[in-house]
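J.: So the sequence lines, in the order shown, correspond to chains V and F. Going by full-length UniProt numbering, the letters in the first sequence line up with residues 1 to 368, in that order. Going by full-length UniProt numbering, the letters in the second sequence line up with residues 1 to 368, in that order. This structure is in structure tokens; I'll ask about it shortly.
Protein chains: 2
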Amino acid sequence: MNGSSAADSSDPSVWISVDAMGGEGGATAIIGGMAMSAAKNPEIGFILHGDENVFGPLLQKKPELSARTRLKAVTKVISMDEKPARALRQGKGTSMWNALESVEQGEATVAVSCGNTGALMALSMLRLRRAPGVDRPAIAVLWPSRNPSGYNVVLDVGADIRADASDLLKFAIMGATYARHGLELKRPRVGLLNVGTEEHKGRSELHDAARMIEEASVTGDFEYIGFVEGSDISSAGVDLVVTDGFAGNIALKTAEGTASLVRELLGNAFNHSPFSKLGALFALTSLRRLQKRIDPRRVNGGVFLGLNGTVIKSHGSADATGVSAAIKLAFKLAKNGFSDRVAARLASDIATGHSGPEEKEPPEANRA
Amino acid sequence: MNGSSAADSSDPSVWISVDAMGGEGGATAIIGGMAMSAAKNPEIGFILHGDENVFGPLLQKKPELSARTRLKAVTKVISMDEKPARALRQGKGTSMWNALESVEQGEATVAVSCGNTGALMALSMLRLRRAPGVDRPAIAVLWPSRNPSGYNVVLDVGADIRADASDLLKFAIMGATYARHGLELKRPRVGLLNVGTEEHKGRSELHDAARMIEEASVTGDFEYIGFVEGSDISSAGVDLVVTDGFAGNIALKTAEGTASLVRELLGNAFNHSPFSKLGALFALTSLRRLQKRIDPRRVNGGVFLGLNGTVIKSHGSADATGVSAAIKLAFKLAKNGFSDRVAARLASDIATGHSGPEEKEPPEANRA
Numbered sequence: 001m002n003g004s005s006a007a008d009s010s011d012p013s014v015w016i017s018v019d020a021m022g023g024e025g026g027a028t029a030i031i032g033g034m035a036m037s038a039a040k041n042p043e044i045g046f047i048l049h050g051d052e053n054v055f056g057p058l059l060q061k062k063p064e065l066s067a068r069t070r071l072k073a074v075t076k077v078i079s080m081d082e083k084p085a086r087a088l089r090q091g092k093g094t095s096m097w098n099a100l101e102s103v104e105q106g107e108a109t110v111a112v113s114c115g116n117t118g119a120l121m122a123l124s125m126l127r128l129r130r131a132p133g134v135d136r137p138a139i140a141v142l143w144p145s146r147n148p149s150g151y152n153v154v155l156d157v158g159a160d161i162r163a164d165a166s167d168l169l170k171f172a173i174m175g176a177t178y179a180r181h182g183l184e185l186k187r188p189r190v191g192l193l194n195v196g197t198e199e200h201k202g203r204s205e206l207h208d209a210a211r212m213i214e215e216a217s218v219t220g221d222f223e224y225i226g227f228v229e230g231s232d233i234s235s236a237g238v239d240l241v242v243t244d245g246f247a248g249n250i251a252l253k254t255a256e257g258t259a260s261l262v263r264e265l266l267g268n269a270f271n272h273s274p275f276s277k278l279g280a281l282f283a284l285t286s287l288r289r290l291q292k293r294i295d296p297r298r299v300n301g302g303v304f305l306g307l308n309g310t311v312i313k314s315h316g317s318a319d320a321t322g323v324s325a326a327i328k329l330a331f332k333l334a335k336n337g338f339s340d341r342v343a344a345r346l347a348s349d350i351a352t353g354h355s356g357p358e359e360k361e362p363p364e365a366n367r368a
Numbered sequence: 001m002n003g004s005s006a007a008d009s010s011d012p013s014v015w016i017s018v019d020a021m022g023g024e025g026g027a028t029a030i031i032g033g034m035a036m037s038a039a040k041n042p043e044i045g046f047i048l049h050g051d052e053n054v055f056g057p058l059l060q061k062k063p064e065l066s067a068r069t070r071l072k073a074v075t076k077v078i079s080m081d082e083k084p085a086r087a088l089r090q091g092k093g094t095s096m097w098n099a100l101e102s103v104e105q106g107e108a109t110v111a112v113s114c115g116n117t118g119a120l121m122a123l124s125m126l127r128l129r130r131a132p133g134v135d136r137p138a139i140a141v142l143w144p145s146r147n148p149s150g151y152n153v154v155l156d157v158g159a160d161i162r163a164d165a166s167d168l169l170k171f172a173i174m175g176a177t178y179a180r181h182g183l184e185l186k187r188p189r190v191g192l193l194n195v196g197t198e199e200h201k202g203r204s205e206l207h208d209a210a211r212m213i214e215e216a217s218v219t220g221d222f223e224y225i226g227f228v229e230g231s232d233i234s235s236a237g238v239d240l241v242v243t244d245g246f247a248g249n250i251a252l253k254t255a256e257g258t259a260s261l262v263r264e265l266l267g268n269a270f271n272h273s274p275f276s277k278l279g280a281l282f283a284l285t286s287l288r289r290l291q292k293r294i295d296p297r298r299v300n301g302g303v304f305l306g307l308n309g310t311v312i313k314s315h316g317s318a319d320a321t322g323v324s325a326a327i328k329l330a331f332k333l334a335k336n337g338f339s340d341r342v343a344a345r346l347a348s349d350i351a352t353g354h355s356g357p358e359e360k361e362p363p364e365a366n367r368a
């Protein structure tokens, strides 16, 4: 339950900082998810930022998990409906703030939070700062697809509602690095989300972005395949879909809503008659496999890209399975030195001048 | 096969003008869909704009359909990848142009086309002109939902990639009229698509639009329920979702892609083993009911709103079932005097001044 006991009983190689207070799933979901991950992976250690009175007793019941968890007591919490601006002013000393500080100070490699997305991004930018060359960080998710890995990468799904051509270029570069490491692809195929695949479609910033991304692909270890449509996000013809946070957020939530409607209608269909119930029984294993494939809890974890450090946003209503999926992703990225690799790619892009004359001047603070 | 023979054998009360040349499904899909609708509904008459050498022989094989179809020979066609600007310059005398002209001249009440969406909207605006008070026409679709009718209305899904607050207000007014007639709802609940339901979320034009729509709801026979997210589009908590054509198009195609992926995975799940195949057999009726519910062909038909006349865009790759669904919708709207009702609503909105000071000045030509 503290650093020394963790060192005594095991030797975690990757420390993950967990904001245990922000989500809707409560302490049970957090501790349950941590315990699931700990049981599967002996390399993970946790720095847990949560209420001692709640998490202390829960950890005592799980000695294995307790042995590699350092509980850092905190009582202040940022609520799910807190505005980002207020979180910035009053966030100091909250579980979210402290979870990010653990990454900033090098105690942990990755932070995981189920809290308020806007506040988490605002505090992440404040504590970890944007990586050199990045104006707007982005949130990337894994999206169920027809590709062999089962997933594509999509970003930005809601870090910011705006993105200009230069931001979209950075999203492509950062997202390609994520696809290389998260999906183990040597040369990800990058598409730019638009209302049609024809070159003349869409707003002018998309045309500028298309040109810039195509240029950067030459040295960027990715392939630019042009505009893609909403129906292509899950296709096997693309690995990474780049868009602004407004369209990306709407696409993501629309897909979640559609999958949930189809699941519900499917359930109704099987419950309709004794015959269909019998059918469901015979097909049970196959249906479970399908359910697993499209279960949003199993791909839980939006990755914040473009910061000096890795932050993972788990779904606010994640249960233990969802929290465990976010921790698994955090471990994978930490193990790969993901944050440094993204930074190296961005630096190389700036060095080769692909950001071009259209790049905005980042704030001075960000250059330092 | 011409006007006199139609009058001889039956007396259609609603004439639908069909552009038979633009789609990818070919003549078989068009004639097949017309025949399906004709068999079900004796009130429909068709004005068919297509190649005489192709459609003449096809009609001869279907005497019932032929008896209430006037074939108007045309050979020029606008291709699926034609740019709207070029379609405007060179569209005269094409099947699409002539199909719209039939509505303009009062020979038909509604036009149906499977052709190029951008060209169809451009030519519709040229031939039918925008309704008074409308800057940007919109495309509305029926979206599978948890509501009793099974559907919600969503607009704009791609008529234009831009929309300001005043355009979004008009979309709400026109869409509410569509929901009243298309879904038979007395007082549709209107939501504005955003990246979150909290009032502070999203771009400033969305905040302006929210205020304007709320004001207009007082006399507009609809209820404004606030911002909705992508996951709410299929919910039972809203009847009409208003958005700009960029986000709406991406949401629509993302939903189509997601539903298609889930269908494919479901098919794979049932084909996996002898047990699952047996399961599928037992659940066959129920699965067919589900398939019917989420089959995009059955809700085929985007309605162009904001023109002096009704135009329905059927999916480019629609088969006979899809074409027939578009014709059914065309009939329903024509029968209701839909176009006049939308115009009356817009006029009443302008009269009560809800468009407010923020409304842009429509072009002079549009006032005439």
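Ideal Cβ placement from N, Cα and C applies to all residues, glycine included. Fair warning: this is a prediction, and the values are worked out from it, not measured in the lab.
Applying the criterion that 16 or more other CB atoms from any shown protein chain within 10 Å of the CB defines a buried residue, is V:L333 buried or exposed?
T.: Here the question's residue 333 of chain V lines up with position 333 in the first sequence. The residue is buried, with at least 16 neighbouring Cβ atoms inside 10 Å.
J.: Given that a residue counts as buried once 16 or more other Cβ atoms are within 10 Å of its Cβ, and exposed if not, what is F:S339?
T.: If you number the second sequence from 1, residue 339 of chain F lands on position 339. Counting Cβ neighbours within 10 Å, F:S339 comes out buried, since at least 16 surround it.
J.: I'd like to know whether the C-beta atoms of V:G106 and V:A140 end up nearer to each other than 8 Å.
T.: Residue mapping note: residue 106 of chain V aligns to position 106 of the first sequence, counting from 1. Residue mapping note: residue 140 of chain V aligns to position 140 of the first sequence, counting from 1. Against a cut-off of 8 Å, the Cβ pair of V:A140 and V:G106 comes out as no contact.
J.: Is the beta carbon of F:M121 less than 8 Å from the beta carbon of F:F304?
T.: The count along the second sequence starts at 1 and reaches residue 121 of chain F at position 121. The count along the second sequence starts at 1 and reaches residue 304 of chain F at position 304. Yes, the pair counts as a contact, with Cβ atoms nearer than the cut-off.
J.: Please list, in chain order, the chain F residues whose beta carbon lies closer than 7 Å to that of V:R203.
T.: In the first sequence, residue 203 of chain V corresponds to position 203, counting from 1. Simply I161.
J.: Which value, in whole angstroms, describes the spacing of the CA atoms of V:K201 and F:R189?
T.: Position 201 of the first sequence, counted from the start, is the residue given in the question as residue 201 of chain V. Position 189 of the second sequence, counted from the start, is the residue given in the question as residue 189 of chain F. One C-alpha to the other measures close to 32 Å.
J.: Taking 8 Å as the threshold, find out whether the segment 237 to 253 of chain F comes into contact with the segment 243 to 262 of chain V through three or more Cβ pairs.
T.: Touching, yes.
J.: Under 6 Å Cβ to Cβ from F:S102, same chain only, skipping five residues before and after it: list those, please.
T.: As a position in the second sequence, residue 102 of chain F is number 102, starting the count at 1. Cβ within range, chain order: S17, I47, A108.
J.: Using 8 Å as the limit for Cβ to Cβ distance, is V:N249 near chain F?
T.: The sequence position of residue 249 of chain V within the first sequence is 249, counting from 1. V:N249 counts as touching chain F.
J.: Can you list the residues of chain F that V:D232 reaches, using a CB-CB cut of under 9 Å?
T.: Translated into the one-based positions of the first sequence, residue 232 of chain V becomes position 232. In chain order: K253, G257.
J.: Could you tell me the distance, in whole angstroms, from the CA atom of F:L71 to the CA atom of F:S113?
T.: The residue given as residue 71 of chain F occupies position 71 in the second sequence. The residue given as residue 113 of chain F occupies position 113 in the second sequence. Distance between the alpha carbons of F:L71 and F:S113: 15 Å.
J.: Measuring straight from C-alpha to C-alpha, what distance separates V:L100 and V:G93?
T.: As a first step, residue 100 of chain V is located in the first sequence; it is residue number 100 there, counting from the start. As a first step, residue 93 of chain V is located in the first sequence; it is residue number 93 there, counting from the start. For V:L100 and V:G93, the distance between alpha carbons rounds to 11 Å.
J.: Any beta carbon from chain V within less than 8 Å of F:V14's own beta carbon?
T.: Position 14 of the second sequence, counting from 1, holds the residue named residue 14 of chain F. Not one chain V Cβ lies under 8 Å of F:V14.
J.: Quick one: complete alpha helix (DSSP H) runs, 4+ long, within the segment 176 to 217 of chain F?
T.: Those alpha helix (DSSP H) runs which fall completely within the segment 176 to 217 of chain F and span 4+ residues are 204 to 217.
J.: Is the separation between the beta-carbon of F:I233 and that of F:L346 shorter than 8 Å?
T.: Sequence index remark: in the second sequence, residue 233 of chain F carries index 233 (1-based). Sequence index remark: in the second sequence, residue 346 of chain F carries index 346 (1-based). No, the pair does not count as a contact, with Cβ atoms beyond the cut-off.
J.: Quick one: Cα of V:F222 to Cα of V:R187, how far?
T.: Locating residue 222 of chain V in the first sequence gives position 222, counting from the first residue. Locating residue 187 of chain V in the first sequence gives position 187, counting from the first residue. Their Cα atoms are separated by approximately 5 Å.
J.: Below 8 Å on the Cβ atoms is my contact criterion, and I expect V:G191 with V:G226 to pass it. Report the Cβ-Cβ distance as a whole number of Å.
T.: For the purposes of this step, residue 191 of chain V is taken as the residue at position 191 of the first sequence. For the purposes of this step, residue 226 of chain V is taken as the residue at position 226 of the first sequence. At roughly 7 Å, the Cβ-Cβ gap stays under 8 Å, so V:G191 and V:G226 are in contact.
J.: Going along chain V, which residues have a C-beta under 8 Å from F:L193?
T.: Position 193 of the second sequence, counting from 1, holds the residue named residue 193 of chain F. Neighbours of F:L193 on chain V, chain order: I250.
J.: Below 8 Å between beta carbons: does that hold for F:T197 and F:V242?
T.: Taking the second sequence and counting its residues from 1, one reaches residue 197 of chain F at position 197. Taking the second sequence and counting its residues from 1, one reaches residue 242 of chain F at position 242. No. Outside cutoff.
J.: How long is the line joining the alpha carbons of residue 369 of chain V and V:A320, rounded to whole angstroms?
T.: Any question about residue 369 of chain V goes unanswered here, given that chain V covers just 1 to 368.
J.: May I have the straight-line CA-CA distance separating F:A119 from F:G25, to the nearest angstrom?
T.: To locate residue 119 of chain F, count along the second sequence from 1; it is residue 119. To locate residue 25 of chain F, count along the second sequence from 1; it is residue 25. Straight-line Cα distance between these residues: approximately 18 Å.
J.: Of all the residues that make up the segment 120 to 144 of chain F, which are near chain V by a beta-carbon distance shorter than 9 Å?
T.: Answer set for the segment 120 to 144 of chain F: P144.
J.: Can you tell me which of the three DSSP states F:P144 falls into?
T.: Position 144 of the second sequence holds residue 144 of chain F. Reduced to three states, the DSSP call for F:P144 is strand.
J.: Does the beta-carbon distance from V:M80 to V:G316 come in below 8 Å?
T.: Taking the first sequence and counting its residues from 1, one reaches residue 80 of chain V at position 80. Taking the first sequence and counting its residues from 1, one reaches residue 316 of chain V at position 316. Result yes, Cβ atoms of V:M80 and V:G316 sit closer than 8 Å.
J.: Report the three-state DSSP secondary structure of V:S273 (helix, strand or coil).
T.: As a first step, residue 273 of chain V is located in the first sequence; it is residue number 273 there, counting from the start. Coil at V:S273, not helix or strand.
J.: Report the option in F:T75, F:F275, F:R288 whose CA atom is closest to the CA atom of F:S95.
T.: For the purposes of this step, residue 95 of chain F is taken as the residue at position 95 of the second sequence. Of the candidates F:T75, F:F275, F:R288, the one whose C-alpha sits nearest the C-alpha of F:S95 is F:T75.
J.: For F:S276 and V:G267, I'd like the C-alpha separation in whole angstroms.
T.: Taking the second sequence and counting its residues from 1, the one referred to as residue 276 of chain F is at position 276. Taking the first sequence and counting its residues from 1, the one referred to as residue 267 of chain V is at position 267. When rounded, the distance between both Cα atoms is 16 Å.
J.: Mind checking which residues open and close the alpha helix (DSSP H) that includes F:N53?
T.: Against the second sequence, residue 53 of chain F aligns to sequence position 53. That run of the alpha helix (DSSP H) goes 52 to 60.
J.: Output needed for V:R129: all residues of its chain with C-beta closer than 6 Å, excluding positions within five of it in sequence on either side, in chain order.
T.: As a first step, residue 129 of chain V must be located in the first sequence, where it is residue number 129. Cβ neighbours of V:R129 beyond the five flanking positions: N308.
J.: Listing by chain order, which chain F residues have their CB less than 9 Å from the CB of V:E24?
T.: Residue numbering aside, residue 24 of chain V sits at position 24 when the first sequence is read from its first letter. Here the premise fails: no neighbours, minimum Cβ distance about 15 Å.
J.: For V:R146, decide whether its Cβ has a neighbour in chain F, counting only Cβ atoms nearer than 8 Å.
T.: The residue you call residue 146 of chain V lines up with position 146 of the first sequence. Interface residue, yes.
J.: Give a yes or no on whether the minimum CB-CB distance between V:F282 and chain F is below 8 Å.
T.: Position 282 of the first sequence holds residue 282 of chain V. It does; some Cβ of chain F falls within 8 Å.
J.: Thinking C-beta only, is F:P12 closer than 8 Å to F:R89?
T.: In the second sequence, the residue the question calls residue 89 of chain F occupies position 89. In the second sequence, the residue the question calls residue 12 of chain F occupies position 12. No, they are not a contact pair.
J.: Let me confirm a value: F:N116 is counted as buried when at least 16 other C-beta atoms fall within 10 Å, else exposed. Which label applies?
T.: The residue you call residue 116 of chain F lines up with position 116 of the second sequence. It counts as buried.
J.: Report yes if the C-beta distance between V:V262 and F:V262 is below 8 Å; otherwise report no.
T.: Here the question's residue 262 of chain V lines up with position 262 in the first sequence. Here the question's residue 262 of chain F lines up with position 262 in the second sequence. Yes.
J.: Quick check on V:S234: does DSSP put it in helix, strand or coil?
T.: Residue numbering aside, residue 234 of chain V sits at position 234 when the first sequence is read from its first letter. In this structure, V:S234 counts as coil in the three-state DSSP scheme.
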